[in-house]
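Undergrad:
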Amino acid sequence: MPALSQAQQKAAGAALSAKRGETPVASLKGASLEMYNTMSTKELEELASTDTARRNLPEHKE
Numbered sequence: 017m018p019a020l021s022q023a024q025q026k027a028a029g030a031a032l033s034a035k036r037g038e039t040p041v042a043s044l045k046g047a048s049l050e051m052y053n054t055m056s057t058k059e060l061e062e063l064a065s066t067d068t069a070r071r072n073l074p075e076h077k078e
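Residue numbers for the sequence shown follow our numbering, so the first one is 17 and each next one is one higher.
1) Determine the DSSP secondary structure at Gly29, reduced to helix, strand or coil.
2) Which residues in the same chain as Ala19 place their Cβ atom closer than 6 Å to its Cβ, once the five residues preceding and following it in sequence are excluded?
3) Quick check on DSSP: helix, strand or coil for Ser65?
4) Return the chain-ordered list of same chain residues with a C-beta closer than 8 Å to the C-beta of Thr39, the five sequence neighbours on each side being excluded.
5) Use the C-beta contact count for Ser48: other C-beta atoms within 10 angstroms, 16 or more gives buried, fewer gives exposed.
Structure representation (structure tokens):
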């Protein structure tokens with residue numbers, strides 16, 4: 017499932033980075049922390065993927 021907004025894609029990227037151990041979990045907050053706690057690595061990879069160019073996504077979902 018691709019991201020519906022740039023904000024969602026960025027939050028998924030932050031959560032994925034923490035899942036991989038690249039950034040500390042303590043640095044997560046809000047949506048990214050919730051994604052970290054509830055989504056699998058595969059789900060986060062799909063959401064954070066840039067198959068759709070980020071510039072084509074709205075900044076926030078309407």
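Ideal Cβ positions, reconstructed from N, Cα and C, are used throughout, including at glycine. None of these values were measured; they are calculated from a predicted model.
TA: Short version:
1) The count along the sequence shown starts at 1 and reaches residue 29 at position 13. Correct three-state label for Gly29: helix.
2) As a first step, residue 19 must be located in the sequence shown, where it is residue number 3. Sequence-distant partners of Ala19 (beyond 5 residues in either direction) whose C-beta falls short of 6 Å from its own C-beta, in its chain, are Gln25 and Leu63.
3) The count along the sequence shown starts at 1 and reaches residue 65 at position 49. In the three-state reduction of the DSSP assignment, Ser65 falls in the coil class.
4) Here residue 39 corresponds to residue number 23 of the sequence shown, with the count starting at 1. Within the same chain, Thr39 has close Cβ partners Ala30 and Ser33.
5) Residue 48 sits at position 32 when you count from the first residue of the sequence shown. Buried, by the Cβ-count rule.
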